[in-house]
Amino acid sequence: MDLFAAMQVFVRVVELGTMSAAARDLDVGQPAVSERIERLERFLGTKLLMRNSHRLTCTEEGQTFYERSKGVLENVEETITRISGASAPEISGTVRIAAPHCFGEVVVPHVLMAIRQAYPRVNIELALNDNVVDLDTEGVDISLRLGPLANLWLVAHAMGHIGRALVASPDYLDRFGSIESKSDLAKHPFIRERRAFANDRLPLLCDDGTQEHGRIQTVMTTSHWRPMFDTIVGGGGIGVVQRPACMQALSRGTLVEILPQYTIPDLPVNVLVRERRTLPPRIAAVISLLKKEIPVVLVGLAGEMNGSL
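Counting in full-length UniProt numbering, the sequence shown tops out at residue 309, every number present.
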């Protein structure tokens with residue numbers, strides 16, 4: 001049995017969750033993938049995968065084998081890259097990036113273009129998910145996250161900050177009255193993403209740097225930013241939107257900022273990777289480019305917004 005090839009197949013099955021998805025990714029038939037996994041399990045004398053609902057998950061032994069196999073494959077790739085070449089070998093391979101929905105839909109495409117231009121042989125797999133991503137179990141190489149960091153086992157690279165705006169539609173304010181003070185917030189329906197402002201307290205930064213809070217009345221939560229945004233634009237209430245996502249609506253006048261004497265705290269932007277001594281060249285190259293491009297994109301979007309208001 002070609003153990004190295006079997007490890008490659010097993011890693012992709014774990015990362016993609018099904019044998020059919022792994023077969024499509026590897027450009028082989030599904031029976032060939034199933035046979036590889038069965039032969040690998042017989043060779044190791046243990047069950048590596050079990051079916052959970054519609055997705056394959058690792059047994060305890062399978063998880064251990066996945067983590068070790070992933071490390072072996074990356075070390076082999078790095079060794080080949082270093083030995084094969086030249087002083088500046090061409091970067092190639094697949095890089096899997098995870099990002100939250102709004103940031104991933106509005107900001108990340110600008111950065112992906114830079115990656116494509118710099119490394120045309122790199123294949124990018126972008127997964128959008130507002131939940132905290134486990135880089136090991138979900139097969140992600142790089143995670144772009146907004147907000148405070150809780151996982152101390154990952155290496156974080158700070159990329160800057162992304163602004164947010166407290167907004168409503170002019171039509172809504174015409175119908176229900178202007179909002180002049182933070183005490184007015186609780187009188188209006190607040191629409192938010194599920195993970196934001198869950199305690200119904202809205203942080204408000206003053207010009208002098210102090211922070212106050214306004215009580216909000218949540219009437220709708222969404223798992224994706226777009227329904228929240230569309231409901232606010234449609235006059236369904238008030239809410240907080242990331243500035244890159246609402247700058248066109250603000251410039252067109254379909255949204256207006258409320259309580260301009262306050263600022264909603266910015267969200268820190270970080271690139272997260274596994275803690276390890278060395279990174280595969282393709283991942284290190286993409287991280288280096290992200291560190292260069294994301295701050296430029298954020299500043300550029302902020303400049304576009306300021307110029308349009």
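Ideal placement from N, C-alpha and C gives every residue a C-beta, glycine not left out.
Exercise for the section: Work out the CA separation of I287 and S87 for me, nearest whole Å. Expected result: With a pLDDT of only 43 at S87, under the threshold of 50, the placement of this residue in the model should not be trusted, and no figure is reported.
Exercise for the section: Please state if the CB of V111 and the CB of L259 are separated by a distance shorter than 8 Å. Expected result: The Cβ atoms of L259 and V111 do not sit closer than 8 Å to each other.
Practice task
Specify, as a first and last residue, the run of the alpha helix (DSSP H) that V111 falls within.
Solution key: Counting along the chain, the alpha helix (DSSP H) containing V111 begins and ends at 108-118.
Exercise for the section: At 3 residues or longer, and completely inside the region 130-198: list those beta strand (DSSP E) runs for me, N to C. Expected result: You should have 142-146, 154-168, 189-193.
Problem - First and last residue of the uninterrupted alpha helix (DSSP H) at Q217 - result: Going by DSSP, Q217 is part of no alpha helix (DSSP H) but of the beta strand (DSSP E) stretching over 217-222.
Practice task
Count the CB pairs spanning the region 256-274 and the region 201-213 that are closer than 8 Å, and state whether there are at least three.
Solution key: Touching, per the Cβ criterion.
Practice task
Decide if the region 140-158 is in contact with the region 223-238; the criterion is three or more beta carbon pairs, one per stretch, under 8 Å apart.
Solution key: No: the two stretches stay apart, fewer than three of their Cβ pairs being nearer than 8 Å.
Exercise for the section: Quick one: using the 10 Å Cβ neighbour count with 16 as the cut-off for buried, is E15 buried or exposed? Expected result: Label assigned to E15: buried.
Problem - Residue span of the alpha helix (DSSP H) that contains M247, given as start and end - result: 243-252 is the extent of the alpha helix (DSSP H) around M247.
Practice task
Have a look at D208 and H161 and give me their C-alpha separation to the nearest angstrom.
Solution key: Going by the C-alpha atoms only, they are around 19 Å apart.
Practice task
Out of G71, A284, S183, G163, state which residue places its alpha-carbon closest to the alpha-carbon of V299.
Solution key: The shortest Cα separation from V299 among G71, A284, S183, G163 belongs to G163.
Practice task
Determine which residues share a DSSP beta bridge with residue 312 and list them.
Solution key: The question about residue 312 has no answer, for the chain in this structure spans 1 to 309.
Exercise for the section: Please determine, among L44, S143, E77, the residue with the shortest C-alpha to C-alpha distance to V108. Expected result: Ranking L44, S143, E77 by Cα distance to V108 puts S143 first.
Problem - Rounded distance between the beta-carbons of M50 and S34, thought under 8 Å - result: At roughly 14 Å, the Cβ-Cβ gap does not stay under 8 Å, so S34 and M50 are not in contact.
Problem - Unbroken beta strand (DSSP E) run spanning M50, endpoints - result: 49-52 is the span of the beta strand (DSSP E), which, as asked, contains M50.
Exercise for the section: Verify whether the separation of the beta carbon atoms of M7 and V72 is less than 8 Å. Expected result: In this structure, V72 lies closer than 8 Å to M7 by Cβ.
Practice task
Check whether the Cβ atoms of E61 and P280 lie closer than 8 Å to each other.
Solution key: Their beta carbons are not under 8 Å apart, which means E61 does not touch P280 by this criterion.
Exercise for the section: Note down the Cα distance separating P120 from E105, rounded to an integer number of angstroms. Expected result: Roughly 21 Å separates the two Cα atoms.
Practice task
Rank N75, C58, I97, V167 by C-alpha distance to the C-alpha of E257 and give the top, closest one.
Solution key: Comparing alpha-carbon positions, the option among N75, C58, I97, V167 lying closest to E257 turns out to be V167.
Practice task
Quick one: grab the DSSP three-state call for D266.
Solution key: In the structure shown, D266 adopts extended strand secondary structure according to DSSP, grouped into three states.
Practice task
Decide if A99 is buried, meaning its Cβ has at least 16 other Cβ atoms within 10 Å, or exposed.
Solution key: A99 is buried by the Cβ-count criterion.
Handout entry: For A86, the three-state DSSP class (helix, strand or coil)
Key = In this prediction, A86 has a pLDDT of 44, which is less than 50 and means its spatial position is unreliable; nothing more can be read from the coordinates.
Handout entry: DSSP-derived helix/strand/coil call for R282
Key = When secondary structure is reduced to three states using DSSP, R282 falls in the helix class.
Problem - Alpha carbon of V297 to alpha carbon of R243, nearest angstrom - result: Each residue's CA atom was taken as its position, placing V297 and R243 some 13 Å apart.
Practice task
Find the nearest neighbour of R252 within the set S169, N270, G237, judged by alpha-carbon distance.
Solution key: The shortest Cα separation from R252 among S169, N270, G237 belongs to S169.
Problem - Sequence-distant residues of its chain with Cβ nearer than 7 Å to R12 (five each side left out) - result: Result list for R12: A22, D25, L26, in chain order.
Practice task
Determine the direct distance from the alpha carbon of I283 to that of Q30, and round the result to whole angstroms.
Solution key: Using only the alpha carbons, I get a separation of about 29 Å.
Problem - N270 burial status per 10 Å Cβ neighbour count (16 or more: buried) - result: With 16 or more other CB atoms across the displayed protein chains lying within 10 angstroms of its CB, N270 is buried.
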